[in-house]
Structures are given as structure tokens and as C-alpha cells.
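Q: So the protein lines, in turn, are chains A and B.
Residue numbers for the first sequence follow numbering that gives the first Met the number 0, so the first one is 0 and each next one is one higher.
Residue numbers for the second sequence follow numbering that gives the first Met the number 0, so the first one is 0 and each next one is one higher.
A virtual CB, placed ideally from N, CA and C, is assigned to each residue, including glycine.
There are 2 protein chains.
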Amino acid sequence: MYLGIDLGGINIAVGLVDDSYHIINKDSVPTGRTRSFEAIVKDMADLCRKIVEEAGYQISDVKCIGIGAPGTPDIKNKCVLYANNLIAFQNVNLETELQKYFPGMPVYLENDANAAAYGEILAGAAKDVDSAVIITLGTGVGGGIVIENKIQAGFRHTGAEIGHMVIEKDGAQCTCGRRGCFEAYSSATALIRQTAEIIKEYPDSIIHEMIGNDPSKISGKTAFLAAKQGDEAGQKIVDQYVAYLGEGVTNIVNILWPEAIVIGGGISKEGENLLAPLREYVHAHQYGRGSECSKIVAAELGNDAGIIGAAMLFKQAQ
Amino acid sequence: MYLGIDLGGINIAVGLVDDSYHIINKDSVPTGRTRSFEAIVKDMADLCRKIVEEAGYQISDVKCIGIGAPGTPDIKNKCVLYANNLIAFQNVNLETELQKYFPGMPVYLENDANAAAYGEILAGAAKDVDSAVIITLGTGVGGGIVIENKIQAGFRHTGAEIGHMVIEKDGAQCTCGRRGCFEAYSSATALIRQTAEIIKEYPDSIIHEMIGNDPSKISGKTAFLAAKQGDEAGQKIVDQYVAYLGEGVTNIVNILWPEAIVIGGGISKEGENLLAPLREYVHAHQYGRGSECSKIVAAELGNDAGIIGAAMLFKQAQ
Numbered sequence: 000m001y002l003g004i005d006l007g008g009i010n011i012a013v014g015l016v017d018d019s020y021h022i023i024n025k026d027s028v029p030t031g032r033t034r035s036f037e038a039i040v041k042d043m044a045d046l047c048r049k050i051v052e053e054a055g056y057q058i059s060d061v062k063c064i065g066i067g068a069p070g071t072p073d074i075k076n077k078c079v080l081y082a083n084n085l086i087a088f089q090n091v092n093l094e095t096e097l098q099k100y101f102p103g104m105p106v107y108l109e110n111d112a113n114a115a116a117y118g119e120i121l122a123g124a125a126k127d128v129d130s131a132v133i134i135t136l137g138t139g140v141g142g143g144i145v146i147e148n149k150i151q152a153g154f155r156h157t158g159a160e161i162g163h164m165v166i167e168k169d170g171a172q173c174t175c176g177r178r179g180c181f182e183a184y185s186s187a188t189a190l191i192r193q194t195a196e197i198i199k200e201y202p203d204s205i206i207h208e209m210i211g212n213d214p215s216k217i218s219g220k221t222a223f224l225a226a227k228q229g230d231e232a233g234q235k236i237v238d239q240y241v242a243y244l245g246e247g248v249t250n251i252v253n254i255l256w257p258e259a260i261v262i263g264g265g266i267s268k269e270g271e272n273l274l275a276p277l278r279e280y281v282h283a284h285q286y287g288r289g290s291e292c293s294k295i296v297a298a299e300l301g302n303d304a305g306i307i308g309a310a311m312l313f314k315q316a317q
Numbered sequence: 000m001y002l003g004i005d006l007g008g009i010n011i012a013v014g015l016v017d018d019s020y021h022i023i024n025k026d027s028v029p030t031g032r033t034r035s036f037e038a039i040v041k042d043m044a045d046l047c048r049k050i051v052e053e054a055g056y057q058i059s060d061v062k063c064i065g066i067g068a069p070g071t072p073d074i075k076n077k078c079v080l081y082a083n084n085l086i087a088f089q090n091v092n093l094e095t096e097l098q099k100y101f102p103g104m105p106v107y108l109e110n111d112a113n114a115a116a117y118g119e120i121l122a123g124a125a126k127d128v129d130s131a132v133i134i135t136l137g138t139g140v141g142g143g144i145v146i147e148n149k150i151q152a153g154f155r156h157t158g159a160e161i162g163h164m165v166i167e168k169d170g171a172q173c174t175c176g177r178r179g180c181f182e183a184y185s186s187a188t189a190l191i192r193q194t195a196e197i198i199k200e201y202p203d204s205i206i207h208e209m210i211g212n213d214p215s216k217i218s219g220k221t222a223f224l225a226a227k228q229g230d231e232a233g234q235k236i237v238d239q240y241v242a243y244l245g246e247g248v249t250n251i252v253n254i255l256w257p258e259a260i261v262i263g264g265g266i267s268k269e270g271e272n273l274l275a276p277l278r279e280y281v282h283a284h285q286y287g288r289g290s291e292c293s294k295i296v297a298a299e300l301g302n303d304a305g306i307i308g309a310a311m312l313f314k315q316a317q
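#1: Between G272(A) and the rest of its own chain, which residues show a CB-CB distance below 6 Å, the 5 nearest in sequence each way excluded?
#2: Identify the contact partners of P257(B) in chain A, using a Cβ-Cβ distance below 7 Å as the criterion.
#3: Where does T188(A) fall in DSSP's three states?
#4: Classify E167(B) as buried or exposed, calling it buried when 16 or more other Cβ atoms lie within 10 Å of its own Cβ.
#5: Following the continuous alpha helix (DSSP H) through A114(A), name the residue where it begins and the one where it ends.
#6: With a CB to CB cut of under 6 Å and the five nearest residues on each side skipped, what residues in its chain are close to M164(A)?
#7: Counting only C-beta atoms, is I166(B) closer than 8 Å to chain A at any point?
#8: Does the region 267-282 of chain A touch the region 238-253 of chain A, meaning 3 or more C-beta pairs lie closer than 8 Å?
#9: Just to confirm the assignment: which complete alpha helix (DSSP H) runs, minimum length 4, are found wholly within the region 141-186 of chain A?
#10: Suppose the cutoff is 8 Å on Cβ atoms and the five residues either side in sequence are ignored; what does the same chain contact list for G179(A) look like?
#11: Under three-state DSSP, which class holds C78(B)?
#12: Could you list the residues in the region 169-188 of chain A with a C-beta less than 7 Å from some C-beta on chain B, going in chain order?
#13: Shortest alpha-carbon distance to K149(B) belongs to which of T135(B), A131(B) and G141(B)?
#14: Any Cβ of chain A within less than 8 Å of the Cβ of N253(B)?
#15: Pull the bridge partners of I295(B) from the DSSP assignment, please.
#16: List, from N- to C-terminal side, the alpha helix (DSSP H) runs of 4 residues or more that fit wholly inside the region 200-275 of chain A.
#17: Specify the secondary structure class of V40(B) as computed by DSSP and reduced to three states.
#18: Taking the alpha-carbon positions, what's the A124(B) to A310(A) distance?
#19: When the distance is taken between beta carbons, is F313(A) closer than 8 Å to C78(A)?
#20: Go through its chain and collect everything with a Cβ distance to A122(B)'s Cβ below 7 Å, but skip five positions before and after it.
#21: Where G65(A) and D111(A) are concerned, what is the direct C-alpha to C-alpha distance, given to the nearest angstrom?
#22: Assuming D129(A) and E147(A) make a contact with CB atoms under 8 Å, what is their CB distance in whole Å?
#23: Going by the DSSP bridge assignment, what does D5(B) pair with across the sheet?
#24: So, I9(A) versus V28(A), is the Cβ gap smaller than 8 Å?
#25: Roughly how far, in whole angstroms, is the beta-carbon of I206(B) from the beta-carbon of K235(B), given that I think they are within contact range, below 8 Å?
#26: Take the Cβ of Q151(A) as the centre, count every other Cβ of all protein chains shown within 10 Å, and call the residue buried at 16 or more, exposed below.
#27: Measuring alpha carbon to alpha carbon, tell me which residue in Y56(B), K268(B), E37(B) and F101(B) is nearest Q89(B).
#28: Which whole-angstrom value is the C-beta distance of A242(B) and A232(B), which I expect to be below 8 Å?
#29: Please go through the same chain and pick out, in chain order, the residues whose beta-carbon is closer than 8 Å to the beta-carbon of L93(A), but skip the five residues on each side of it.
#30: Would S267(A) and A298(A) be called neighbours here (beta carbons separated by less than 8 Å)?
#31: Given that E279(B) touches chain A, what residues does it touch there, using C-beta distances under 7 Å?
#32: From what residue to what residue does the beta strand (DSSP E) around L97(B) run?
#33: With 8 Å set as the bound, which would you pick, yes or no: does the beta-carbon of R192(B) sit closer than that to a beta-carbon of chain A?
#34: Report the partner residues of N302(A) according to the DSSP bridge assignment.
#35: Looking at the secondary structure, which residues open and close the alpha helix (DSSP H) in which K314(B) lies?
#36: In whole angstroms, what separates the C-alpha of G176(A) from that of P102(A)?
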């Protein structure tokens with residue numbers, strides 16, 4: 000058995016995972032991200048011990064601990080070099096720190112987006128392929144690339160910054176400083192902005208009533224819900240969103256030709272309402288249109304992807 | 000020793016390559032691309048024998064033959080499935096065909112862009128790194144991705160179609176059918192078009208005289224030459240070209256974080272006149288600006304890259 004830790008800015012989630020990638024037990028505690036790293040590591044260790052014992056096992060039954068952490072990791076030295084969301088984690092060696100609680104326990108580290116991508120390819124939506132790109136549509140647009148079952152993260156070993164691929168030169172301002180990034184059009188944040196803008200042109204749209212005329216109530220679901228009810232504005236917003244998302248996904252297909260593109264994050268919960276038009280867009284625009292395309296599927300594991308991927312990081316080191 | 004064949008639509012180039020990636024002897028003959036595949040394979044075999052014997056060796060000194068071919072290869076079965084430029088090569092097994100001349104000789108196949116990228120990482124501009132993306136600025140924009148010394152070509156195993164990444168949604172028409180592709184702004188063809196357009200706004204530009212007022216005399220060098228002489232229009236064209244090229248290169252850096260980006264093709268002969276402003280652009284725009292960036296260098300091997308990469312393909316199969 001293996002322990003996987005998804006260390007986030009909000010929660011520390013820990014799962015006990017078996018050789019079939021099943022989570023035997025899991026739990027989470029708040030990170031308290033402004034605390035010292037020693038306090039956070041102590042909570043990680045306590046939670047590890049708790050979920051193992053709750054499941055009727057002992058720490059000695061655990062072969063290793065894997066951690067998906069935000070920011071920039073030094074994989075080889077098991078160090079978090081820097082994480083924007085965890086201010087005390089500057090050059091912290093997580094193997095050394097966790098071994099204070101679990102002497103001799105092997106520890107593996109990855110960027111959290113890569114660990115989650117790895118989880119999806121091992122046990123989730125991409126489990127039948129060896130190569131996939133995971134694109135997460137949330138507050139931002141995140142990414143992870145796995146080729147022949149190896150996490151591909153380049154020399155920086157952060158996640159693949161797919162969200163920061165410009166698809167419209169000099170376009171919408173992105174948080175990264177560039178203009179026209181994929182993220183600035185395809186994140187949930189961008190969809191909410193697009194919804195607020197487009198409904199202004201449609202005073203009769205049912206969206207105004209849905210949100211009680213309060214633009215702060217617009218979510219990533221609003222336009223999809225309205226479109227399902229035949230609302231013209233809702234359909235226009237969804238079509239435009241799919242076109243932007245489709246440009247970015249087609250770019251990734253043309254560059255990497257992965258066996259699968261896995262769409263995750265909140266927006267992916269729209270399922271076929273999103274994926275069917277997205278597939279149509281990508282198939283119509285990819286290089287050599289009409290020829291075989293990467294399969295495009297929704298992520299299946301949600302937050303469990305990060306836990307399972309982290310637990311199995313030892314396989315990356317083999 | 001190893002034989003590398005760069006099978007192109009115009010020429011068949013063959014080189015005899017040693018274990019240090021040096022070309023001992025090389026030669027080429029016209030492809031005659033509309034001929035039967037049997038006639039073309041015979042010329043490939045004759046040329047192989049000729050350059051081996053000219054160098055004072057025998058075919059029995061050659062361990063294997065590698066081929067970089069255009070179009071879509073089936074690597075495992077050594078078949079060219081389809082090649083736009085070689086009309087008779089539909090599902091042709093090059094191992095079977097070449098073994099008619101060289102019984103028992105192992106044959107390896109790759110897409111030509113990938114073979115050339117592999118040559119640069121083995122023996123050229125990227126020889127000190129394990130992971131690089133090669134971007135070729137010619138009539139179009141080609142690409143090859145090598146990660147940890149493995150050619151990464153996805154499920155289609157064509158080249159990486161980096162040129163067909165949209166950087167300006169709904170922008171300039173591309174030959175692939177999409178609008179706003181990197182290739183439509185950063186190929187030599189695009190630079191020539193941009194030069195022709197911009198000089199119309201600058202009646203006093205020295206470019207008019209350089210080309211004898213004949214727009215058909217504009218080449219990929221024209222704007223660079225004029226800019227070097229302080230011409231305002233020339234500088235504007237170069238700045239705009241670098242900005243478009245920089246957007247595409249920054250996208251690739253953000254997605255893959257390769258150790259090196261190698262710029263090849265005709266335009267790369269501008270050397271530091273192109274690379275210095277390109278580096279500045281990418282460093283200023285990459286995710287986490289100011290942090291370490293992929294090194295950006297010019298390809299070194301020219302057409303030899305394809306021969307050397309092809310000759311060494313056996314290493315990919317190991």
C-alpha cells in the first residue's frame with residue numbers, strides 16, 4: 000500500500016491507495032497555508048497515520064509516500080523550492096521532514112497538476128492509453144502531460160502551462176502578464192466574464208432572471224443551463240466558449256498528438272454538452288482534418304486524481 | 000557505420016555516418032517524385048552502395064539503414080503509409096524493399112522532420128541537452144520534439160505540427176485550413192508577404208530600390224538586410240516578425256519547457272540578428288518571466304541533420 004498526499008493551499012488531502020489504484024481510505028484537513036512548514040508537515044504526518052490506522056493497517060504496511068505539491072519542486076531532492084500558495088515552503092525537503100515521523104520511509108514529490116494528470120492516466124479517464132494531456136478548466140487553466148506513462152514537465156518541472164499559450168495575439172489580458180492566453184478565454188473565470196458581457200446584448204435572455212439580475216451570481220454553469228433551455232444568448236456564449244476552448248485543444252493535438260485529451264475542472268462537469276461540440280470543433284480544425292484524432296474525454300477522478308497520482312509517484316522513479 | 004537517407008520530394012540524400020555522428024561520405028540524386036516507388040528505392044540503394052564504396056568500405060561494414068521520409072510513417076512496420084510529396088509511396092514497406100538490395104539489413108524509418116530534429120540533438124545545436132524542440136522556419140513552419148533523447152511524435156507519428164498552432168484566432172488564412180496559425184505569421188513565406196505589405200506604407204524605404212521595385216524579388220532576407228542599414232520599414236517588419244515568432248516560441252516554452260529551442264530553416268541563417276531579439280521577447284513573455292528559460296539557438300547541421308538523425312534511428316528502437 001501507498002500513501003498519496005495532495006498538498007493544496009486550502010486542504011491537505013491524504014489517501015491510502017492499493018496496487019489497483021483504489022483509495023482504501025482518505026481524509027483531509029485545512030492547510031492553514033500561512034503556518035510554518037513544520038506545523039503543516041506535522042498535520043500531513045498525523046493524517047497519514049490516522050487514515051492508515053482507521054483502515055486497520057499500520058504504517059509499516061505502507062511502502063512509500065508520494066506528494067503532489069503546488070509550485071516548483073526539485074523532484075530529485077524531494078524539495079519544494081517555491082510555492083506561491085504555501086509561503087513557508089521555500090527549499091523545504093519533504094523527505095527529510097516526513098522521515099522525522101516515519102523513519103526510513105521513501106518519499107516522492109511532484110507538482111500537484113502533474114500528479115493529478117498521472118492519476119487520470121493510471122486510474123481515470125485515460126487509463127486505457129499511455130499518453131495523454133490533461134487540461135483543467137477551473138479558476139485558471141492548468142495542464143499536465145504524460146507520454147508513455149512518464150510525466151513530462153521539462154526542465155522546470157512545474158505543470159505544463161498550457162493555459163499560458165497565446166491563442167489571440169494582443170487579446171484579453173491574462174494574469175500571467177501576456178495578452179490573449181488560452182486561460183483568458185477558456186477558464187471558468189473567463190466563461191463567467193463572457194456570460195456577463197454577452198447578456199448585455201440580450202435584454203430578453205432568461206439568464207437575467209436566472210441570476211436575479213445580479214451579475215455576481217453568474218457561474219460557469221449559467222450559460223450551459225440557459226442554452227439547454229433554448230436561450231439564444233446562452234447558446235451564443237456556449238458556442239463562443241467552445242470555439243476558444245477548441246482552438247487551444249486543437250493546438251495541443253497538432254503539437255503533441257496525444258492518444259487522449261482529458262478535460263477536467265469544474266466546467267468539465269457539463270459532460271457531453273461541452274465535449275460533443277468540442278470534439279466536433281477539434282476534428283474539423285486539426286491538421287489533416289478528418290483523419291484520426293486524439294480522443295477527448297472528461298476527467299473521472301476529480302480530487303482523487305491528485306491522491307492516486309501522488310501515491311503512485313514511485314513508479315516514475317523506477 | 001550507419002547509412003542515413005533523407006528522402007525528400009526533390010532529392011534523395013544519403014550519408015555514411017560513424018559512431019561519432021560524423022558524415023564520412025554523402026551524396027544526393029534527384030527524387031523524381033512522380034516515379035514508381037520501385038524506381039525510387041532502386042536509386043536509394045544504388046546511392047547507398049556508391050557512397051559506401053567511394054569511402055573505401057563495403058556494405059557489410061554497414062550495421063543498418065535509417066530513413067527520414069515525408070508524410071505519415073508506420074514506424075513499427077517500416078512503412079510509409081502516405082506522403083503528399085511522393086505519390087507512389089502508399090503503404091510501402093521500406094525494409095522489405097531495401098532488403099531486396101541488401102539482404103538482412105535492418106532498416107529504420109521516421110518522419111523526416113523528426114529525423115532532422117533527432118540529428119540536431121545528437122550532433123548539432125542541441126547536442127549538450129536531452130530535450131529540445133526544433134522549429135524550422137522555411138516555406139512553412141515545421142517541428143520536431145525530442146524529450147530525454149526520444150522522438151515524441153504522438154499516435155500519428157508525423158512531425159509535431161507546431162506551425163499549425165493558432166496564435167491569432169480568426170487571423171491570417173493558413174494552408175492547413177485554420178486561420179491564424181503560427182506558420183501563417185512566422186514562415187519565410189509569411190515574412191515575404193509581411194515585407195510586401197509594410198513597404199507600401201513606406202515609399203521612401205530603401206527596400207523599394209533593393210528589389211528594383213519588383214515585389215517578386217522580396218526574400219526572407221530583404222527586411223533583415225534593410226533593417227541592418229537603418230531602414231525604418233525594414234526594422235518595423237523585423238520587429239513585427241520577431242513578435243509573432245516570439246509568441247509561438249513562448250507558447251512552446253510554456254507548454255513543454257524544453258532545455259533548448261532550436262531554430263532552423265532559411266530564416267535561421269540571420270543568426271543573432273534574429274535570435275537576440277527573439278530571446279529577449281521570449282524571456283519577457285514566458286510564464287514566470289525572469290526565471291530560467293529554455294536556451295534558444297540556431298540549428299547547426301542544415302540538411303545534414305536529416306541524414307545523421309536517420310542514420311542513428313536504430314538508437315530510438317533500443
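A: In this structure, then:
#1: Within the first sequence, numbered from 1, the residue matching residue 272(A) stands at position 273. The sequence given here places Asn at residue 272(A); Gly does not occur at that position. Answer for N272(A): F223, listed in chain order.
#2: In the second sequence, counting from the first residue as 1, residue 257(B) sits at position 258. Simply G153.
#3: Taking the first residue of the first sequence as 1, we reach residue 188(A) at position 189. Correct three-state label for T188(A): helix.
#4: Your numbering for residue 167(B) matches position 168 in the second sequence. Answer is buried; the Cβ neighbour count reaches 16.
#5: As a position in the first sequence, residue 114(A) is number 115, starting the count at 1. Residue range D111 to A122 is occupied by the alpha helix (DSSP H) that includes A114(A).
#6: On the first sequence, position 165 is the one that residue 164(A) refers to. Counting only Cβ-Cβ distances below 6 Å, and skipping sequence neighbours, we find F181.
#7: Mapped onto the second sequence, residue 166(B) falls at position 167. I166(B) counts as touching chain A.
#8: Verdict: yes, contact present.
#9: Listed in chain order, they are 182-185.
#10: The residue given as residue 179(A) occupies position 180 in the first sequence. Excluding residues within five positions, the ones whose Cβ falls inside 8 Å are V165, I166, E167, K168, D169, G170, A171 and C173.
#11: Translated into the one-based positions of the second sequence, residue 78(B) becomes position 79. Reduced to three states, the DSSP call for C78(B) is strand.
#12: Of all residues in the region 169-188 of chain A, those with a C-beta nearer than 7 Å to a C-beta of chain B are C175, G176 and R177, reading in chain order.
#13: Start at 1 with the first residue of the second sequence, and residue 149(B) comes out as number 150. Ranking T135(B), A131(B) and G141(B) by Cα distance to K149(B) puts A131(B) first.
#14: Mapped onto the second sequence, residue 253(B) falls at position 254. For N253(B), the answer is yes, since a Cβ of chain A falls inside 8 Å of its Cβ.
#15: If you number the second sequence from 1, residue 295(B) lands on position 296. Paired residues: I260(B).
#16: 206-209, 221-227 and 231-255
#17: The sequence position of residue 40(B) within the second sequence is 41, counting from 1. It is helical.
#18: Numbered from 1 along the second sequence, position 125 holds the residue referred to as residue 124(B). Numbered from 1 along the first sequence, position 311 holds the residue referred to as residue 310(A). A124(B) and A310(A): Cα-Cα distance of roughly 39 Å.
#19: Residue numbering aside, residue 78(A) sits at position 79 when the first sequence is read from its first letter. Residue numbering aside, residue 313(A) sits at position 314 when the first sequence is read from its first letter. It is not a contact, given that the beta carbons lie outside the stated cut-off.
#20: In the second sequence, the residue the question calls residue 122(B) occupies position 123. Within the same chain, A122(B) has close Cβ partners Y20, L300 and I307.
#21: For the purposes of this step, residue 65(A) is taken as the residue at position 66 of the first sequence. For the purposes of this step, residue 111(A) is taken as the residue at position 112 of the first sequence. Answer to the nearest angstrom: the Cα atoms are 11 Å apart.
#22: For the purposes of this step, residue 129(A) is taken as residue 130 along the first sequence, with counting starting at 1. For the purposes of this step, residue 147(A) is taken as residue 148 along the first sequence, with counting starting at 1. Right, the Cβ-Cβ distance comes to about 5 Å (below 8 Å), so this counts as a contact.
#23: By one-based count along the second sequence, residue 5(B) stands at place 6. For D5(B), which the question treats as bridged, DSSP gives the partners A12(B) and G67(B).
#24: In the first sequence, the residue the question calls residue 9(A) occupies position 10. In the first sequence, the residue the question calls residue 28(A) occupies position 29. No, the pair does not count as a contact, with Cβ atoms beyond the cut-off.
#25: For the purposes of this step, residue 206(B) is taken as the residue at position 207 of the second sequence. For the purposes of this step, residue 235(B) is taken as the residue at position 236 of the second sequence. At roughly 11 Å, the Cβ-Cβ gap does not stay under 8 Å, so I206(B) and K235(B) are not in contact.
#26: Locating residue 151(A) in the first sequence gives position 152, counting from the first residue. Under this definition Q151(A) is a buried residue.
#27: Along the second sequence, read from residue 1 onward, the residue named residue 89(B) stands at position 90. If we check each option's Cα against that of Q89(B), E37(B) comes out closest.
#28: Here residue 242(B) is taken as the residue at index 243 of the second sequence, counted from 1. Here residue 232(B) is taken as the residue at index 233 of the second sequence, counted from 1. About 16 Å; that fails the 8 Å criterion.
#29: Within the first sequence, residue 93(A) is the residue found at index 94, counting from 1. Cβ within range, chain order: V40, I66, A68, K77, C78, V79, V106 and L108.
#30: Looking up residue 267(A) in the first sequence gives position 268. Looking up residue 298(A) in the first sequence gives position 299. For S267(A) and A298(A), yes; Cβs fall inside 8 Å.
#31: Locating residue 279(B) in the second sequence gives position 280, where the first residue counts as 1. Within 7 Å Cβ-Cβ: nothing; E279(B) doesn't reach chain A, min ~15 Å.
#32: What you label residue 97(B) is simply residue 98 of the second sequence in a count that begins at 1. Note, L97(B): premise wrong, no beta strand (DSSP E); alpha helix (DSSP H) at L93 to Q98.
#33: In the second sequence, residue 192(B) corresponds to position 193, counting from 1. No - not a single Cβ of chain A is within 8 Å of the one on R192(B).
#34: Taking the first sequence and counting its residues from 1, one reaches residue 302(A) at position 303. None; N302(A) has no bridge partner.
#35: Here residue 314(B) is taken as the residue at index 315 of the second sequence, counted from 1. K314(B) -> alpha helix (DSSP H) spans F313 to A316.
#36: Indexing the first sequence from 1 puts residue 176(A) at position 177. Indexing the first sequence from 1 puts residue 102(A) at position 103. Their backbone Cα atoms lie some 44 Å apart in a straight line.
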